[in-house]
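Just so we're aligned: 156 in our numbering is position 127 of the sequence shown, and the numbers increase by one with no gaps anywhere.
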Amino acid sequence: MAFNLSIEPVDDFEIQDILRGQQKFDVNIVFEERKLEPLLDAFKERQSKGETLIHWDEYKVKQNDNYKIRPYTTRICWIYNDKVENWNKELEQSSGDPGVKRILESREFSNFPHYRTFLQNPPKIIDLSKRQVSALAHLSCWNVCQYADKIKEYFMH
Numbered sequence: 030m031a032f033n034l035s036i037e038p039v040d041d042f043e044i045q046d047i048l049r050g051q052q053k054f055d056v057n058i059v060f061e062e063r064k065l066e067p068l069l070d071a072f073k074e075r076q077s078k079g080e081t082l083i084h085w086d087e088y089k090v091k092q093n094d095n096y097k098i099r100p101y102t103t104r105i106c107w108i109y110n111d112k113v114e115n116w117n118k119e120l121e122q123s124s125g126d127p128g129v130k131r132i133l134e135s136r137e138f139s140n141f142p143h144y145r146t147f148l149q150n151p152p153k154i155i156d157l158s159k160r161q162v163s164a165l166a167h168l169s170c171w172n173v174c175q176y177a178d179k180i181k182e183y184f185m186h
């Protein structure tokens, strides 16, 4: 299960693969599967509130003889790039420009922040526009800044 712009789950979420795996990629399972549901539940709850999809937890890295990885415990802060309604609202308010909403609803940003890997802006194969890259960078920065103190506190203790 993953998250897309319409808040509907999709089936090709990479985080699932490292917790649950796929039959042909079993050697790529990194963490215990039991940690997947709490992660997805946290994302769903935050998404329903228009918040950044962020979750932190402690994970046991599984032993993997294929890659010569020993088991150990680590802390992870997941931040998944998704549409954040609170960011959109703040952006519209702080800019004071009603055109900002129009831009974010334009075709150029129709699948923001989930840009296509290929042919996002045909005929260019992998190029994003400067505005698309800038918007993605600003959203990512805003996501981290909103939780900077909590992230720092989590990793310092």
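All C-beta atoms, glycine included, are put in the ideal place defined by N, C-alpha and C. If you're wondering where the values come from, they're calculated on a predicted model, not measured in any experiment.
Extent of the continuous alpha helix (DSSP H) to which Val162 belongs: If you number the sequence shown from 1, residue 162 lands on position 133. Taken as a continuous stretch (DSSP letters only), the alpha helix (DSSP H) holding Val162 covers Lys159 to Gln175.
When Arg131, Gln122 and Ala166 are compared against Pro142, the one with the closest alpha-carbon: Here residue 142 is taken as the residue at index 113 of the sequence shown, counted from 1. The shortest C-alpha separation from Pro142 is found at Ala166.
Whole-angstrom C-beta distance between Trp116 and Leu168, which should lie under 8 Å: Translated into the one-based positions of the sequence shown, residue 168 becomes position 139. Translated into the one-based positions of the sequence shown, residue 116 becomes position 87. About 6 Å; that satisfies the 8 Å criterion.
Per DSSP, cross-strand counterpart(s) of Leu82: In the sequence shown, counting from the first residue as 1, residue 82 sits at position 53. For Leu82, which the question treats as bridged, DSSP gives the partners Tyr109.
Bridge partners - Lys89, DSSP secondary structure assignment: Taking the first residue of the sequence shown as 1, we reach residue 89 at position 60. DSSP lists Thr102 as partners of Lys89.
Limits of the unbroken alpha helix (DSSP H) element including Glu114: As a first step, residue 114 is located in the sequence shown; it is residue number 85 there, counting from the start. Where Glu114 is concerned, the enclosing alpha helix (DSSP H) stretches over Glu114 to Ser124.
Beta-carbon proximity list for Met185, same chain, < 7 Å, skipping 5 on both sides: On the sequence shown, position 156 is the one that residue 185 refers to. None.
Length of the line joining the Cα atoms of Phe32 and Arg99: Within the sequence shown, the letter at position 3 stands for residue 32. Within the sequence shown, the letter at position 70 stands for residue 99. Caution applies to Phe32, whose pLDDT of 46 falls short of 50 and renders its modelled position unreliable; the value that the coordinates give is listed next. If you take the alpha carbons of Phe32 and Arg99, they lie about 31 Å apart.
Neighbourhood of Asp81 by C-beta, 7 Å cutoff - its chain only, sequence neighbours within 5 removed: Position 52 of the sequence shown, counted from the start, is the residue given in the question as residue 81. The sequence as given places Thr at residue 81; Asp does not occur at that position. Same-chain partners within the cutoff: Arg75, Ile108, Val113, Asn172, Gln175 and Tyr176.
Residue environment, Leu120, which counts as buried when at least 16 other CB atoms sit within 10 Å: Position 91 of the sequence shown, counted from the start, is the residue given in the question as residue 120. So Leu120 ends up on the buried side.
Leu68 (DSSP reduced to helix, strand or coil): For the purposes of this step, residue 68 is identified with residue 39 of the sequence shown, where counting begins at 1. Three-state result, Leu68: helix.
DSSP bridge partner residues for Phe54 (one or two, in chain order): Here residue 54 refers to the residue found at position 25 when the sequence shown is read from its first residue. Note: Phe54 sits in no beta bridge, so no partner.
Sequence-distant residues of the same chain with beta carbon closer than 6 Å to Asn110, five excluded per side: Here residue 110 corresponds to residue number 81 of the sequence shown, with the count starting at 1. Pro142, listed in sequence order.
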